[in-house]
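> Chains as they are written, first to last, in this note's numbering: chain H, 147 to 529; chain L, 147 to 529; chain D, 147 to 529; chain C, 147 to 529.
Okay, here's the structure, questions in a sec.
4 protein chains.
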Amino acid sequence: MKKIKIGMVGGGQGAFIGAVHRNALLMDGLYDFCCGAFSSDATKSKESGKSFGLNESRIYSNYQELFEKESLLPAQERMEAVALVTPNHLHYHPAKLALEYGFHVVLDKPITLSLKEAKQLQKVYERSGKKLMLTHTYTGYPMVKEAKQQVKKGAIGTVRKIYVEYPQGWLSTQLEKKGSKQAQWRTNPETSGLAGAMGDIGTHAFNLAEYISGLQLTQVCADINKVVEGRVLDDDGAVLLKFNNGASGALIATQVAAGEENNLNIRIYGDKGGLVWEHNNPNTLRIKLLDKAEQIYRTGGAMLHPQTNFNTRTPAGHPEGYIEAFANLYRNFAFSINQQHDLVEYPGMEEGIRGMAFIESVIQSGESNLKWTDFKVYDGNNN
Amino acid sequence: MKKIKIGMVGGGQGAFIGAVHRNALLMDGLYDFCCGAFSSDATKSKESGKSFGLNESRIYSNYQELFEKESLLPAQERMEAVALVTPNHLHYHPAKLALEYGFHVVLDKPITLSLKEAKQLQKVYERSGKKLMLTHTYTGYPMVKEAKQQVKKGAIGTVRKIYVEYPQGWLSTQLEKKGSKQAQWRTNPETSGLAGAMGDIGTHAFNLAEYISGLQLTQVCADINKVVEGRVLDDDGAVLLKFNNGASGALIATQVAAGEENNLNIRIYGDKGGLVWEHNNPNTLRIKLLDKAEQIYRTGGAMLHPQTNFNTRTPAGHPEGYIEAFANLYRNFAFSINQQHDLVEYPGMEEGIRGMAFIESVIQSGESNLKWTDFKVYDGNNN
Amino acid sequence: MKKIKIGMVGGGQGAFIGAVHRNALLMDGLYDFCCGAFSSDATKSKESGKSFGLNESRIYSNYQELFEKESLLPAQERMEAVALVTPNHLHYHPAKLALEYGFHVVLDKPITLSLKEAKQLQKVYERSGKKLMLTHTYTGYPMVKEAKQQVKKGAIGTVRKIYVEYPQGWLSTQLEKKGSKQAQWRTNPETSGLAGAMGDIGTHAFNLAEYISGLQLTQVCADINKVVEGRVLDDDGAVLLKFNNGASGALIATQVAAGEENNLNIRIYGDKGGLVWEHNNPNTLRIKLLDKAEQIYRTGGAMLHPQTNFNTRTPAGHPEGYIEAFANLYRNFAFSINQQHDLVEYPGMEEGIRGMAFIESVIQSGESNLKWTDFKVYDGNNN
Amino acid sequence: MKKIKIGMVGGGQGAFIGAVHRNALLMDGLYDFCCGAFSSDATKSKESGKSFGLNESRIYSNYQELFEKESLLPAQERMEAVALVTPNHLHYHPAKLALEYGFHVVLDKPITLSLKEAKQLQKVYERSGKKLMLTHTYTGYPMVKEAKQQVKKGAIGTVRKIYVEYPQGWLSTQLEKKGSKQAQWRTNPETSGLAGAMGDIGTHAFNLAEYISGLQLTQVCADINKVVEGRVLDDDGAVLLKFNNGASGALIATQVAAGEENNLNIRIYGDKGGLVWEHNNPNTLRIKLLDKAEQIYRTGGAMLHPQTNFNTRTPAGHPEGYIEAFANLYRNFAFSINQQHDLVEYPGMEEGIRGMAFIESVIQSGESNLKWTDFKVYDGNNN
């Protein structure tokens, strides 16, 4: 398979998620990481790019320059795709511009600062004919793929209950006042948008619930909190959920569960049984059956769906982790760009739109005295 | 210590919880199980009593007869306490009568069919000068005691979040139509009261949350569901919670989580850390600390509170289970009746009243379009 | 069922295992605990007996007096069985005498101080026509019963490998010099016999291996250690094992694994799969299958053997612990004495003899320069 | 840091470990994967190389050609290091030749077919001045690093017991007769050497024990088995261990534990406590302390050694797996070649020599009637 030439916007030295993107795209040898604009500070961008081993001529000062100059290079050299690993307020414009220049786009979630922006981006995207991937990383885990397939084939029967949780503890204190850049942009409405925790991690939990269950959210009832003093965005929340088949559930997203790391987990129950997947033990999928022995499926093990195996690198018992899940996204995206393989699947524009609708509906619900708020992607005027 | 002569109402052969009560009260040799009325069917009562090795003269046909005849026996023979192990609709009258006759009372939760009845019972109880224990079994586990003490001494700081779950799966199908007596009375409003799952297990979860945290519930927002076709009482629900110190949380109680057994668990987070206790692994208490190694405390292990140890029978590594937790309640009750030991503690009238208020507030919230419903024990008229 | 009148030798106030025996025999209401000689100190014996609520006339100063006086009581009052909960050097004589007086006997393991004594006791036992139970507690767990049945029905195929471990840490320091009676008698050859750890816990591990696998040990190769300074008996050891069907394995028994509690566990592998049982999580049996999903069986759950269910008290999800396992032994013994129920099963004389042979063969192997030592119950002279 | 130009011998399409090597070396962008000889079949080598995106001119037909032709390229193009991912019989000659040509070498374990060969390679290596890394992958895990440091700083006191296990189940049937290449070369003495399971996985377990404990093995007593019919090399074994400080232990390595995946785990106990690391849960290190609460350390979490953090890519709660551990080896090797960073550490020649001595001593012990066999690296003649 031809390597895809990829660049990066943001993710300079020291940025957590930039490094993960690089690990993930490099791992399988499917991309040629060739250029980037790694910081709004031109000097830092240069230094970062050099530390990544890039040719200096292809380290740029900003994303506009990156897109323009790369577009002028000969086709066999030119960047084909770009990964935007910037804070939320720097999603919409760079993504729009990249698509307009004809580059495929990889984007962190949430897709934009608002649902309105997301829909505008959708139009640009549709016109562009290019691919767009949104890094809902957790759907890249083999056993998350398997969970979806188990629900699909009826292993747990008709879904009745969905419980999804994403507790973190790292924002339990005012880290944003102690120099943490990660904390600063996430707690600032200008860079993070309407939501804090609900945007940062709530969207992952929401996406995971819809992805595995195959259902769509229809109503929410949210308790949205600003727990740590001085916060203007939510750092905690819990949401009651209603789905389009009548199933109900609950979603928890908090960044003030002191002592928790990144403990995403989901449990889905149907009329025949339930399933459990936990990010702390990501290579295990538990299927609990009514009046039968519980079954444990394992990454690389026997009796798994072809799509699960397509996203697995090692034999059973060789743990695959977060970077592998991330790399699975990039791998699927590469196959998609090269138009290969029928098992290819990754989150994109549609998931981005729904994620923004999630943020807006839970924040609106949080402010409402009424119990239920509709989850709405489009209003009555076809918007 | 003098053995306490105890009788039983209900709990004939084949009744699950009656057998557990007997195991629990017999285990420590603190009670003399001497009499009872085990069924509304006099023949069954006789047979049951005989199978328990009781003297036939003290096996009665109904609770009225039990109380009356026992009260006429000489003091050194006479029953002193009675365990009522009947469905909910047979709590109030037998308990009232027992107290009026001067017997101490052990009662399953919920304490009565309504908050109003509970308050009436409270008056009888207060006049009686007798003891009353409500079998919120889970508070009898050593590591639940330890959890309470850890919160109290500030191990996790000021409590911010409480998540408590009680998923069961046994009512995932219409068992009540397949001859299950356990299912029949629990799904019937006449025998169960206002609530199904919320009364049967939601009250345990609620009690556990207040017990460990030392906080009191102030507001609820409930999604109450009748999932299995034909049910007239809830078999499932989720509740958003607000507590009197500003903490918030969520409570899940469901009997349709197919594949789950009896998976009660609680997580409480403060500003310094969190704690986790799971009924499936009841001898372990996890304390997760912000920026420190997690700590695992174990029943019988080192560094535990005296009250924890008072409720422990074996050295570390010898698992103590459900019957031991139940026996701890009976053991505390016996010490209380004999007025011994300053570590004695068990759930009683107050927990019963609050449990009924929980049921009434979550059912009311479930029917309300407003988000928040006050948790109220007493109305404005001192009732 | 008629209650069995039982007495006790040893197990006065403060003795760990005496209290467990009482909890276990009382729990199910199958025994009438009526008498005992609880200490070699007559005053202590009296005080203990009174604290247990016994009639003073039936608290004795020593076991000889107990047996003699009880044997003279009318049949409907007289003790029928006696539990000997004394250190190892007080097993043989009291057991022999009890059998000769016509009492059924419950005895802690190891059965005697030597294999020779055990065989002498066997002769007395066979002549007596009485029942004898040896408290290999761990075989009383429901999921240990299930494990045996799963092997028997071929779930894991022909057994090839057996790994059994019993790590404890409580003897990691010289507790015997710090006033611990538990440590003192176990580290003293006069009261403990030929072996320390191998007798105290190694015999449990050995018994569990033979019980579940249905195989018999044929050869051992032991590394026997005295780790803590000053010990004259082993406090640690590891043994390579050969079984009569050609299977091999390893047994670990140590009391100096600092930080371990009582972490008995066993894994058995056949040509189709393996099983895992762990005392720290005793209500779970894992069946790992070659090229299939792992299966989790749970106490009280679906699809279990009748014998498993016969030894289960509560529905799935209500943890049963050490005292319940112990009570299962007593319950089976009571059914056996009353000649009821075809599922009845408990460890007895045969297991006692094999346990002594285990101790003698591993200690002999530990002193040998040759790799393999035969496991021999009988020598060539029919002894 | 300058990228290191690396080539590969073996590891064509479909080979498990070759793919892992590529994932691992590519992930961090520290190597330029530029050439290789991927199969003894020149056509297959070409196809594989092209599928990896290599320039055709640098895909060679065999390792001799690879080394010769690369050595003739200009310095700025020429391969600097080579990864040998071939079966055991193709370790010695390619490694020797590579070193003689002046290439750094990455080598799978065991290092050669015999201890004698290993020592010959050592001489070549010492003369070469080049670096050699042996891929004992498991020492690349962050929590294995942490375990070593915890022992070093005395967290568990003086080491007394080491238990290490490596159970796999994949060779439970005659896979080698069903077309599995992985099984074929591992069960064939010509390609695998003196040992089967003991060489393939026993060496990993041995290395892990010495690595974490900081101790050296001095004596072994091995039970070595050929369980599956027709095998001429061991597929199973258990070894009693003695270490140079007097500590003892046991090692289990089996490939016939049907149902097990790759369940390496180690427990080390000192006089103050013990530690547990399990490959199935590799980001957790449990420190069990005598008379204190157990402590749980987690990859990316607080209070870890700088060397642990140096081998960690993501914040706590983002699982790092097998490929990351492998990548850590490559990362340390790259830093070493570029002579940077004082935390750099990786297994090499010394571990290779000791691994061969392990294989030879356990196989010799397996054939001996004596209990103990010395673990010897060098004989009396300075060999």
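Don't be surprised by glycine CBs; every beta carbon is placed ideally from N, CA and C.
All of these numbers come straight from a predicted model, not from anything done at the bench.
The stretch 392-420 of chain L: which residues have C-beta closer than 8 Å to a C-beta of chain D, in chain order?
406, 407, 408 and 409
> Listed in chain order, which residues of the stretch 163-184 of chain H have Cβ atoms closer than 9 Å to some Cβ of chain C?
165, 166, 168, 169, 170, 172, 173, 174, 175, 176, 178 and 179
> Per DSSP, residue 435 of chain L forms a beta bridge with which residues?
Here the question's residue 435 of chain L lines up with position 289 in the second sequence. DSSP, once it has assigned bridges, lists L/419 as partnering residue 435 of chain L.
> Any beta carbon of chain H sitting closer than 8 Å to that of residue 443 of chain D?
Stepping through the third sequence from its first residue, residue 443 of chain D is reached at position 297. Yes, because at least one Cβ of chain H sits closer than 8 Å to the Cβ of residue 443 of chain D.
> Which of helix, strand or coil does DSSP assign to residue 536 of chain H?
Here chain H has residues from 147 to 529 only, and residue 536 of chain H is not among them.
> Could you compute how far the alpha carbon of residue 459 of chain C sits from the alpha carbon of residue 466 of chain C?
The sequence position of residue 459 of chain C within the fourth sequence is 313, counting from 1. The sequence position of residue 466 of chain C within the fourth sequence is 320, counting from 1. So the alpha carbons of these two residues sit roughly 8 Å apart.
> Given residue 229 of chain H, which residues of its chain have a CB within under 6 Å of its CB, disregarding the five upstream and five downstream residues?
Within the first sequence, residue 229 of chain H is the residue found at index 83, counting from 1. Correct list, in chain order: 154, 167 and 252.
> Tell me residue 278 of chain L's beta-bridge partners as DSSP assigns them.
The count along the second sequence starts at 1 and reaches residue 278 of chain L at position 132. Per DSSP, L/251.
> Hey, how far is the Cα of residue 477 of chain C from the Cα of residue 375 of chain H?
One-based indexing of the fourth sequence puts residue 477 of chain C at position 331. One-based indexing of the first sequence puts residue 375 of chain H at position 229. So the alpha carbons of these two residues sit roughly 42 Å apart.
> Once DSSP output is grouped into helix, strand and coil, what is the label at residue 355 of chain H?
As a working mapping, residue 355 of chain H is identified with position 209 in the first sequence. It is helical.
> Report yes or no: is there a C-beta of chain L within less than 8 Å of the C-beta of residue 468 of chain D?
One-based indexing of the third sequence puts residue 468 of chain D at position 322. With 8 Å as the cut-off, residue 468 of chain D counts as an interface residue toward chain L.
> Compile a chain-ordered list of the residues in the stretch 357-384 of chain L whose CB is closer than 8 Å to at least one CB of chain H.
367, 369, 371, 373, 382 and 384
> Can you tell me whether residue 273 of chain L is buried or exposed? The criterion is at least 16 other CB atoms within 10 Å of its CB, across all chains shown.
Here residue 273 of chain L corresponds to residue number 127 of the second sequence, with the count starting at 1. That one is exposed.
> Along chain L, which residues have their Cβ under 9 Å away from the Cβ of residue 199 of chain D?
On the third sequence, residue 199 of chain D is found 53 positions in, with the first residue counted as 1. Those within 9 Å of residue 199 of chain D in chain L are 147, 148, 149, 175, 176 and 178.
> Would you mind sorting residue 516 of chain L into buried or exposed? The rule is 16 or more other CB atoms within 10 Å of its CB.
The residue labelled residue 516 of chain L in the question sits at position 370 within the second sequence. Burial call: exposed.
> Could you work out which residues of chain D lie near residue 449 of chain H, taking near to mean beta carbons separated by less than 9 Å?
Counting from 1 along the first sequence, the entry for residue 449 of chain H is found at position 303. 437, 438 and 439, listed in chain order.
> Starting from the C-beta of residue 519 of chain D, find all residues in its chain whose C-beta is less than 6 Å away, skip the five residues before and the five after it, and write them out in chain order.
Working through the third sequence from its first residue, we reach residue 519 of chain D at position 373. The residues are 366, 507, 510 and 511.
> Among C/177, C/372 and C/499, whose alpha-carbon lies nearest the alpha-carbon of residue 260 of chain C?
Locating residue 260 of chain C in the fourth sequence gives position 114, where the first residue counts as 1. Closest by alpha carbon: C/499.
> Sort D/390, D/363 and D/399 by Cα distance to residue 369 of chain D and report the nearest one.
On the third sequence, residue 369 of chain D is found 223 positions in, with the first residue counted as 1. When only C-alpha atoms are compared, the closest one is D/399.
> DSSP state of residue 310 of chain L, grouped into three classes?
If you number the second sequence from 1, residue 310 of chain L lands on position 164. Reduced to three states, the DSSP call for residue 310 of chain L is strand.
> From the DSSP output, in three-state form, read off residue 257 of chain L for me.
Taking the second sequence and counting its residues from 1, the one referred to as residue 257 of chain L is at position 111. Correct three-state label for residue 257 of chain L: coil.
> Would the beta-carbon of residue 301 of chain C fall within 8 Å of that of residue 419 of chain C?
Sequence index remark: in the fourth sequence, residue 301 of chain C carries index 155 (1-based). Sequence index remark: in the fourth sequence, residue 419 of chain C carries index 273 (1-based). In contact: residue 301 of chain C and residue 419 of chain C (Cβ atoms closer than 8 Å).
> Only counting runs of 4 or more residues, tell me where the alpha helix (DSSP H) segments fall wholly within the stretch 353-398 of chain D, in order along the chain.
none
> What's the C-alpha gap between residue 188 of chain D and residue 327 of chain L?
Stepping through the third sequence from its first residue, residue 188 of chain D is reached at position 42. Stepping through the second sequence from its first residue, residue 327 of chain L is reached at position 181. Taking the CA atoms as reference points, residue 188 of chain D sits about 53 Å from residue 327 of chain L.
> Can you give me the C-alpha to C-alpha distance between residue 475 of chain D and residue 464 of chain C, rounded to a whole angstrom?
Along the third sequence, read from residue 1 onward, the residue named residue 475 of chain D stands at position 329. Along the fourth sequence, read from residue 1 onward, the residue named residue 464 of chain C stands at position 318. Straight-line Cα distance between these residues: approximately 46 Å.
> Taking the alpha carbon of residue 148 of chain H as the point to measure from, which residue in C/258, C/424 and C/201 has its own alpha carbon closest?
Locating residue 148 of chain H in the first sequence gives position 2, counting from the first residue. For the residues C/258, C/424 and C/201, the minimum Cα distance to residue 148 of chain H belongs to C/201.
> Is there a C-beta anywhere in chain D that falls below 8 Å from the one on residue 455 of chain L?
Here residue 455 of chain L corresponds to residue number 309 of the second sequence, with the count starting at 1. No, its Cβ sits nowhere closer than 8 Å to a Cβ of chain D.
> Looking at residue 354 of chain C: is its Cβ nearer than 8 Å to the Cβ of residue 389 of chain C?
Reading the fourth sequence from its first residue, position 208 is the one you call residue 354 of chain C. Reading the fourth sequence from its first residue, position 243 is the one you call residue 389 of chain C. No, these two residues do not count as a Cβ contact at 8 Å.
> Quick one: using the 10 Å Cβ neighbour count with 16 as the cut-off for buried, is residue 333 of chain C buried or exposed?
Here residue 333 of chain C corresponds to residue number 187 of the fourth sequence, with the count starting at 1. Classification of residue 333 of chain C: buried, given that the 10 Å Cβ count is 16 or more.
> For my contact list, residue 190 of chain L and residue 482 of chain L are in at a C-beta cut-off of 8 Å; report their separation, rounded to the angstrom.
Walking along the second sequence from the start, residue 190 of chain L turns up at place 44. Walking along the second sequence from the start, residue 482 of chain L turns up at place 336. Contact flag wrong, Cβ pair sits at about 32 Å.
> Closest to residue 249 of chain D by CA distance: which of D/150, D/308 and D/286 is it?
For the purposes of this step, residue 249 of chain D is taken as the residue at position 103 of the third sequence. The shortest C-alpha separation from residue 249 of chain D is found at D/150.
> So is residue 464 of chain D in contact with chain L if we call contact Cβ pairs under 8 Å?
Translated into the one-based positions of the third sequence, residue 464 of chain D becomes position 318. Yes, its Cβ sits closer than 8 Å to a Cβ of chain L.
> Measuring CB atoms only, is the stretch 447-454 of chain L touching the stretch 291-308 of chain L, in the sense that at least three cross pairs come out at less than 8 Å?
yes
> So with CB distances below 8 Å, who are the chain L contacts of residue 428 of chain D?
What you label residue 428 of chain D is simply residue 282 of the third sequence in a count that begins at 1. Correct list: 465.
> I need the straight-line Cα distance from residue 174 of chain L to residue 152 of chain D, nearest angstrom please.
Locating residue 174 of chain L in the second sequence gives position 28, counting from the first residue. Locating residue 152 of chain D in the third sequence gives position 6, counting from the first residue. If I take the Cα positions, the gap works out to 16 Å.
> Measuring straight from C-alpha to C-alpha, what distance separates residue 352 of chain C and residue 401 of chain C?
As a position in the fourth sequence, residue 352 of chain C is number 206, starting the count at 1. As a position in the fourth sequence, residue 401 of chain C is number 255, starting the count at 1. Cα-Cα distance, rounded: 16 Å.
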